[in-house]
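Notes follow once the structure below has been shown.
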Amino acid sequence: MLTDREKRKQISVRGIAQVENVANIKKTFNRHLHFTMIKDRNVSTPRDYYFALAHTVRDHLVSRWIRTQQHYYDKDPKRVYYLSLEFYMGRTLTNTMMNLGVQATCDEALYQVKYVLGNNPQMT
134 MLTDREKRKQ ISVRGIAQVE NVANIKKTFN RHLHFTMIKD RNVSTPRDYY FALAHTVRDH
194 LVSRWIRTQQ HYYDKDPKRV YYLSLEFYMG RTLTNTMMNL GVQATCDEAL YQVKYVLGNN
254 PQMT
């Protein structure tokens with residue numbers, strides 16, 4: 134029988150494509166457009182593109198979150214939690230891309246697939 138520590142080590146995020154380069158973003162974006170949004174480019178709306186991008190960025194964020202959790206379980210540091218009730222939802226996707234350091238890469242990948250996030254100001 135495996136211990137808790139051994140079970141946690143079995144958690145793997147290697148299968149998730151990283152968002153560090155344009156080719157990976159385009160690959161993940163197209164995967165989400167086809168398999169998450171269930172659309173192709175002929176019938177996709179700007180909303181479909183937006184959600185495919187949001188899922189692409191979320192994949193990167195989740196893989197980093199899991200790695201952080203693995204580190205916490207391994208090192209067992211003290212944690213401090215803070216909850217702010219003043220959270221502005223307006224530009225969450227753009228802010229997340231900036232905070233992850235992938236905005237320029239995402240912009241280039243979207244340019245190559247003929248979509249500019251700025252075309253939809255209400256969705257940035």
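If you count by my numbering, then the sequence shown holds residues 134 to 257, one letter each, in order. Here a beta-carbon is modelled for each residue, glycine too, at the ideal position from N, C-alpha and C.
Same chain, Cβ closer than 7 Å to residue i, neighbours up to 5 away in sequence not counted
i	result
F184	M170
D173	H167
D137	none
Outcome for residue i when other beta-carbon atoms lying within 10 angstroms are tallied against a minimum of 16
i	result
L218	exposed
E153	exposed
D192	buried
L186	buried
Y248	buried
Span separating the alpha-carbon of residue i from that of residue j
i	j	result
D207	L194	20 Å
M231	M134	43 Å
P210	V190	27 Å
H188	H165	7 Å
N163	R197	21 Å
E241	A156	10 Å
V123	L243	Lying outside 134 to 257, the shown extent of the chain, residue 123 is not represented and no answer is given.
I158	C239	7 Å
Same chain only: Cβ atoms within 8 Å of residue i, ignoring 5 sequence neighbours per side
i	result
Q236	T227 and M230
L233	V152, V190, H193, L194 and R197
Q245	V155 and K159
V213	none
Close Cβ partners of residue i (< 6 Å) along its chain, the five nearest in sequence each way excluded
i	result
D181	M170 and K172
Y215	none
For the segment 196-203 against the segment 224-232, do three or more pairs of beta-carbon atoms, one drawn from each stretch, fall closer than 8 Å, so that the two count as touching?
Verdict: no, contact absent.
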